[in-house]
Each structure stands twice: as structure tokens, then as C-alpha cells.
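Q:
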């Protein structure tokens, strides 16, 4: 049987091949990445896009969630202070009703309640990063403005009823704000500002009938309860965000683990392959050197 | 009855024959490393016997010339496989350059530069961040910067793809002159072979013709048709005549719609050559099918993302309280007019971050419903029935699979070329050990003939002296 006399050329081709795979393996080792081009593993490359997308979404949600939690906490603490201001307004009003106070004392209480009104107005106009938080969608306009034109004085709401939601990566919606009118301008007796304004108007005159003061105090209590109820919405959002954030973070950890194992080079395996390839290369080089020696030609034996 | 003098003549012919055979062996050894050389063997022919008085006597041997050891079926098969391997080889190198533009993101920080998949996600998550904080300037700025990154990476990829197409186009047009030089050479060789060796293998001339055919096979896909008197006609795989015995027909190229097209006579054979094989086939497949395919996928992505985000942004309310109008559109991206070419022109036209309409139509500027809607696009099937990331993921898988399948084809074809080459070399190339053994055999045969000659000389000397031992030595 005749054989290809140019077998050395084929062996050199194999040697080239081992060098290519050595190069590939060392690049995997040095970068730590298993897939350096799409064709190495098209399906994993595609999965990688999706995994990275989800990881980034989770990451972004965690950041957004921290940010809005800050905003919700500002709202919560503002409402907390409103509640305590309203409580002191109620105790002031109640103390004025016990019949022992003279006109000047009542007036002074009226002034104090007026101070509380100002404080509550300022709390209702709280802002976070330059945005009014109780203004619905009109966050660049001061939502609550006191007007002295009417008697009793009135407070108008310049915001709107818009509610913002944050969508979690799995599509749930978390309420981010409670519009100011819903908290402070509740209908009828539950309106904080209406109750406070009429208290101030009644007490500032120095003379207030017991009936009137009882009714004023009652409507203030109703308003207080109403504010507390609205505060629950804010608190719920905060705890929902915390829970979501935790779930998303744990999801992100799992996804990152999946993505890493998808893309990362298995160092032990790659090193083993590299060592095998090196052995093969040495063997090939030896074979070529042996075969290439002139002593192997029949001509060298014919002397 | 044979005579001693006829034995003399017989032996001197044998010596001549051995010498010319040794010459052939020496020529083989000399050409052992000549590319395209086909091993030659001496042709021995028994001389016609003569009949004397009813008895037949042999008259020795003649060496009638060298015969090239060649298997035309094998060489043609090798050429055909070479055409396939060259086509997939040049297509693969084009595709490798293409896939380098879409190197997968390892996910490690800092590795995201230029990765369109991450850019898409960043853009939509920047809207999600805006959702949390619609009034804050930094969030708006980050939307614009993510949009610019995506637009920049998509348009860069499109520009690189177009540049690669142009490069392939130039490579392809360069092939024509090589093809023409080879075909005219083959036509000349045909004439020489037909006149010099119409019935038998033409030896060196045939070697040259085979060498030309193998070069031509690397360039384009061809069919070979053997004609009378050892002539050869060559057509492209689709049947356009390139060489007809002594005449060759030029392959010409010309620009049609900004691309190089190829003609034989006045027939446009571009598509046939693309399907035919050889380097040219690979270049043309890359230029006309692979790269346009990748580009059109990017176009679809760029078009859908640009138009959908633009249309939502126009429908919302920006930080100045405005919505987009026909006269004053609130476009984030350069609005594409058609899908084709969208990727290349993708850019961010919005300069003022306040123009991003985070609020819904008719809502206050603190509203985030439009930002939510824009962030929500990433989970909606807005690109060819898929989500933007899903579409990109699919695109990456499709491209990777294409490259990988061409790679597999190329590896298999190269292995097959190597195998055929080995078979062909085993038959046709010079094996020095074989030559050494032939040389020894011939040397022995020459020695034997000389010995016989000298013995005949002694015998005829004895005859001349007729028993006297002295006169003639």
C-alpha cells in the first residue's frame, strides 16, 4: 500500500491545531470567562443576555426602592409629626373647654393653635429632593396655601389626586404617595385644615361656646383619626418595599450565581485540558523531530 | 536460431532502457518538493519477438517514456472539495469579524462596554429609576445618557458591519483578475496539450493544468468537462462557460447599485457565484446574505425601540408641562422613517433632559405614569413579537449558531480536503523511499545487463579465437 509521503505536513497541521486550542484555553484561564465569542456557545450567550437583563432590573429595583423608601420615610415622619401636632391641638382645645379660662387665656390658646396650624401647613408642604411629597402629581407647586380672605381662614390645595406607583420586577405595584387632599382635606369633618381653621377662628375671638368648642374638638379628632389612617398606607408601602427589595435581592443572588456558572470558566477543567494539550503538543513535536531526521530515509542506508 | 550478436544488441537495448528509467527516477527525486509535480514511472515495453525457423525469440526491452501516476477522478474530487472548503473558510472569517462586534458580556463589572444587550437593559432600567423619581434632574440625565450609549453602540455596530461589507466587496472584486489570469492560462495549456498529447496523459503540461485547476478551485466554484483530444472546458457551477478548449471567457465586474456584480459576457452571475463556492462564493455569501441579515436584525431592534419610546414620550407630559406635537415633537431618538437603515442612523436627538415626559398626558409634572409605561416596554413584545432583551438574546443565539454551523462545516470540509489530499499524495507525489528502492532495482538490473554484456564479450572472444587462448582476450 502506498502512503502519503507528506505526512509531516499533516502532523504540522495537527501541531497548529493544538496551538490554537492552547491559545483558547489560556485565554479562558486568564480572563476567567468561558465564552469569548458567540459561536463557542450560542445558546448560553443568548441565555446570558436574558440573565444579565434580569440581574440589572433587580439591581435597578433595589436602588429605586432605597430611594423611594427614603421619600416614604420623610412622608411618614411628617405625618407622625402632624399627628402629634394635632394631638397637642386637641389637648389645647380641650383645656380651653373646661370653663376655667378667661377670654384672654382662650385667645392665647387660639394663638397657639394658630401656630400649630402653621406647623401642620408647613409639614403638609414637606418636600424631598426639591419635590413636594403631598402634592399628588404637581410636585413642583407648593400644595397648601393659607388664605386670609375668608373667615374662618381657609387653606387651599393646589396639588391633584395623582398617585404614583413603583412597579416591581414581577409587575406588582407599590403606592409611592398619598395625595395631600386625601390626607389633609378629607371631606366634611375629616378635613384637618377645616377643623384647625375653624378652631383658630373660634378661639381667637376669646369667646367660644361650649357646644361649638366640643364640635370643633370632635371634628379635629375625626381629622386626626383620618390622618392616622392615611399614614397606614405610607407605612404599608414602606414595609411592602422592604419585603420586595429583600425578595428581589435574593432573586438577584440566585440569578448572579446562575449567570456566573454559565459564563465562568471551570478553572480545574480548563487547566486539565491545557495540560493534556501541552502533552499532546510535546508528543507531536517529538514525533516530527524523529520522522524528520534524514537517517529515516532509505537513501541514507544505500551507501 | 538466436545468435550471440543478437544477444549483444538485446543487452545494449536493456542498458539503454535502464538508463532512461534511471533518468526518470532521478527526475522524480529532483522534483520531490515541486508543488504540483506528479510522480512519473518508466513505461517498460517488451520488444516484439522474432521468429526464426518456427521458433520465437525475445528481443529484449524498451523504455518508451515516463507516465505520470494520476487519478483524474481523485484530483477533480479534491478540486470540488477545495471549492467548498474555500467558500466556508472565507465566509467563516467574515462571520468571525461580525461576531467580534457582539462579544458576550461576562457580567463582571466594567465588562459591559459596547454590549448592546446591557445597553438595552440600562435604558429601560433608567426609566424605572425615573419612575421612582420623576422630578429629579439626575434621573432624567441618566435616561439620556443610557439612550446615547445604546444609540452609539447600535450605530457603531451598524457602521462596522457596513464597513465589513465594503471590505468584502473589494476582496470579491479583486478575485476576478486572478480568475481571468488562470482561465487564460488553462486555455493556452489546452492548446498545447491537444497538439502535443491528444491521446495520452500530457505529463508536465497536465501537471500545470491540474495546478491551475486547483488554484481556480480555491477562488470560484467550477465544473470541469473533458473534451476530445485531452482538451478541457470549464464552466462555473451554474454553467457559464469560462474556458472552452483553447478559448477563455473573461469574468468581469462592475458596480450595480453601489455593489460589485460579476458578469460572464453580459450575464449577471453574481448570485450563481455566491452559491457556487470558492473564496468568491464565501465573500459574496458574507456580503449579500450574512451581514445584511445581521444588519436587518439590528435595524428591526433600533426601529422598534426608537419609534416606541418616541411615541410614548410624545404622548406624555414633560417637566415643562408640554406634550409632543407634530411641530414640536418630544423625540428621544432620531425618528426612523423605515426599518431598513434604522440602526445606522440611531442617535439621541433630545438634548434637554427636562423634555423626557415622565408624567402621563394631562398630569402634573410629578406624575410617573408615563415613565412607568416606558420602563414597562422592556417586558412588552415590541420587537417582532418579542421583548427588546428577548429579541437581542435571540439575535445573539442565531448569530452564534450561524457562525458555529459554518465553523463545523468548514472543519468537516477541511478534514475532507486533507483526506483527499492524502489519498492523492499517496498516489501521485514522490515517495523518496520508493525512489530509493526503484533506483536500487534499476542499478542491479543495469549491473546485471553489464555483466551479461561482458560475459557475452568473453564468449564471443572464445568463438573468435576458436580454441586458441591468446589472440583475442
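Protein chains in written order, with the working numbering: chain A, 607 to 909; chain X, 600 to 1072. C-beta: ideal position from N, C-alpha, C; glycine also.
(1) Restricting to runs no shorter than 4 residues, where is the alpha helix (DSSP H) found entirely within the segment 648–675 of chain A?
(2) Rounding to the nearest angstrom, what Cα-Cα distance links residue 1115 of chain X and residue 1034 of chain X in this structure?
(3) For residue 755 of chain X, which option in X/968, X/803, X/960, X/940 has the closest C-alpha, if you only look at C-alpha atoms?
(4) I want to see whether chain A comes within less than 8 Å of residue 795 of chain X, judged by CB atoms only; does it?
(5) Check this for me: beta carbons of residue 612 of chain X and residue 659 of chain X, under 8 Å apart or not?
(6) For residue 600 of chain X and chain A, any beta-carbon pair shorter than 8 Å?
(7) What does the alpha-carbon distance come out to for the pair residue 615 of chain A and residue 879 of chain A?
(8) Quick one: which residues of the segment 741–758 of chain A get their C-beta closer than 9 Å to a C-beta of chain X? List them in chain order.
(9) Going by beta-carbon coordinates alone, are residue 982 of chain X and residue 903 of chain X separated by less than 8 Å?
(10) What are the boundary residues of the alpha helix (DSSP H) that includes residue 884 of chain X?
(11) So, with DSSP's three-state summary, where would you put residue 750 of chain A?
(12) For a quick check, are the C-beta atoms of residue 785 of chain X and residue 877 of chain X less than 8 Å apart?
(13) Going by C-alpha to C-alpha distance, which of X/883, X/913, X/932 sits closest to residue 923 of chain X?
(14) So, is residue 600 of chain X buried or exposed, given that buried needs 16 or more other C-beta atoms within 10 angstroms?
(15) Quick check: residue 705 of chain X and residue 869 of chain A, are their CB atoms within less than 8 Å of each other?
(16) Give the DSSP bridge partners of residue 853 of chain X, in chain order.
(17) For residue 834 of chain X, does the three-state DSSP call read helix, strand or coil?
(18) With contact counted as at least three CB pairs below 8 Å, one residue from each stretch, are the segment 692–704 of chain X and the segment 885–899 of chain X in contact?
(19) If you pair each beta-carbon of the segment 751–770 of chain X with each one of the segment 828–848 of chain X, do three or more pairs fall below 8 Å?
(20) Could you check what DSSP says for residue 664 of chain X in three-state terms: helix, strand or coil?
(21) Could you tell me if residue 1063 of chain X is buried or exposed, where buried requires 16 or more neighbouring beta carbons within 10 angstroms of its beta carbon?
(22) At which residues does the beta strand (DSSP E) containing residue 843 of chain X begin and terminate?
(23) With a 10 Å radius around its C-beta and 16 neighbouring C-beta atoms as the bar for buried, classify residue 648 of chain A as buried or exposed.
(24) For the segment 658–670 of chain A and the segment 854–870 of chain A, state whether three or more C-beta atom pairs, one from each stretch, are separated by less than 8 Å.
(25) Please specify which runs of the alpha helix (DSSP H), each continuous and at least 4 residues long, are wholly inside the segment 772–836 of chain A, giving them in chain order.
(26) Could you spell out the range, first to last residue, of the alpha helix (DSSP H) harbouring residue 902 of chain X?
(27) Tell whether a beta-carbon distance below 8 Å holds between residue 722 of chain X and residue 947 of chain X.
(28) For residue 832 of chain A, I'd like the list of residues in its chain whose CB is within less than 7 Å of its CB, leaving aside the five on either flank, ordered along the chain.
(29) Just the Cα atoms here: how many angstroms apart are residue 848 of chain X and residue 841 of chain X?
(30) Which of helix, strand or coil does DSSP assign to residue 671 of chain X?
(31) For residue 763 of chain A, list the residues DSSP reports as bridge partners.
(32) Quick check on residue 600 of chain X: does DSSP put it in helix, strand or coil?
(33) Check the DSSP bridge columns for residue 872 of chain A and list the partner residues they point to.
(34) Excluding the 5 residues flanking residue 907 of chain X on each side, which residues of the same chain have their C-beta closer than 8 Å to its C-beta?
(35) Classify residue 860 of chain A as helix, strand or coil using the three-state DSSP reduction.
(36) Give the residues of chain X in contact with residue 905 of chain A, contact being defined as C-beta atoms less than 9 Å apart.
A: Considering the structure as presented:
(1) As summarised for the segment 648–675 of chain A, there are no continuous alpha helix (DSSP H) elements at least 4 residues long confined to that stretch.
(2) Nothing can be reported for residue 1115 of chain X, as the shown portion of chain X is limited to 600 through 1072.
(3) With distances taken between CA atoms, residue 755 of chain X lies nearest to X/940 out of X/968, X/803, X/960, X/940.
(4) Nearest CB-CB separation between residue 795 of chain X and chain A: not below the 8 Å threshold.
(5) At the C-beta level, residue 612 of chain X and residue 659 of chain X come within 8 Å of one another.
(6) With a pLDDT of 48 at residue 600 of chain X, under the threshold of 50, the modelled position of that residue is not reliable, and no figure is offered here.
(7) Distance between the alpha carbons of residue 615 of chain A and residue 879 of chain A: 25 Å.
(8) Those residues of the segment 741–758 of chain A that come within reach of chain X (Cβ to Cβ, closer than 9 Å) are 741, 742, 743, 744, 745, 746, 747.
(9) Yes.
(10) Looking at the DSSP string, the run of the alpha helix (DSSP H) that includes residue 884 of chain X is 877–884.
(11) Secondary structure of residue 750 of chain A (DSSP, three-state): strand.
(12) Their beta carbons are not under 8 Å apart, which means residue 785 of chain X does not touch residue 877 of chain X by this criterion.
(13) Sorting X/883, X/913, X/932 by C-alpha distance to the C-alpha of residue 923 of chain X places X/913 at the top.
(14) Residue confidence for residue 600 of chain X is low, a pLDDT of 48 falling below 50, so the modelled location carries little weight and cannot support an answer.
(15) Cβ atoms of residue 705 of chain X and residue 869 of chain A: closer than 8 Å.
(16) BP columns for residue 853 of chain X point to X/860.
(17) Strand.
(18) Using a Cβ-Cβ distance cut-off of 8 Å, the segment 692–704 of chain X and the segment 885–899 of chain X are in contact, since at least three pairs of beta carbons, one from each stretch, lie closer than that value.
(19) Cβ pair count under 8 Å is below three, so no.
(20) Three-state DSSP puts residue 664 of chain X in a strand.
(21) Exposed.
(22) Residues 840–843.
(23) By the neighbour-count definition (other C-beta atoms within 10 Å, threshold 16), residue 648 of chain A is a buried residue.
(24) Contact between the segment 658–670 of chain A and the segment 854–870 of chain A is present, because at least three Cβ pairs lie under 8 Å.
(25) Taking 4 residues as the shortest admissible run, the segment 772–836 of chain A contains the following complete alpha helix (DSSP H) segments, listed from N- to C-terminal end: 786–790, 798–810.
(26) Per DSSP, residue 902 of chain X belongs to the alpha helix (DSSP H) from 890–914.
(27) In this structure, residue 947 of chain X does not lie closer than 8 Å to residue 722 of chain X by Cβ.
(28) 792, 796, listed in sequence order.
(29) When rounded, the distance between both Cα atoms is 5 Å.
(30) Note: residue 671 of chain X maps to helix in three-state DSSP.
(31) According to DSSP, residue pairing for residue 763 of chain A in a beta bridge involves A/750.
(32) Low confidence applies to residue 600 of chain X: its pLDDT is 48, below 50, so where it sits in the model is not reliable enough to give any reading.
(33) None, per the DSSP bridge assignment.
(34) The residues are 976, 981.
(35) The three-state reading of DSSP puts residue 860 of chain A in helix, counting H, G and I together.
(36) Residues of chain X passing the Cβ test: 628, 1031, 1032, 1034, 1035, 1038.
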